[in-house]
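In my numbering, each number is its position in the sequence shown, counted from 1, plus 1485.
Glycine included, every Cβ here is placed at the ideal spot set by N, Cα and C.
Below is one structure, written out as structure tokens; the observations come after it.
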Amino acid sequence: MNHKLKVALAQISPVWLDKEKTILKIEKTIKDAAQEDCELIVFGEALLPGYPF
């Protein structure tokens, strides 16, 4: 059985000092990747909550 895994690397930045808008941006990125049939989306480790802590 051959199965290819389609992976998306989401190289996006947070909305500075706005956690709620950053979450909305992440949700949109997930939806966009899903429309491209991506099965795995990788985000940067510091995307949420963003800097500064």
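A residue is called buried once 16 or more other Cβ atoms fall within 10 Å of its Cβ, and Ala1518 is buried on that count.
Looking at the DSSP output, Val1500 bridges to nothing.
If only complete runs of 4 or more residues are kept, the stretch 1500 to 1527 shows the alpha helix (DSSP H) at 1504 to 1520, in order along the chain. In the structure shown, Ala1493 falls within a strand segment according to DSSP collapsed to helix, strand and coil.
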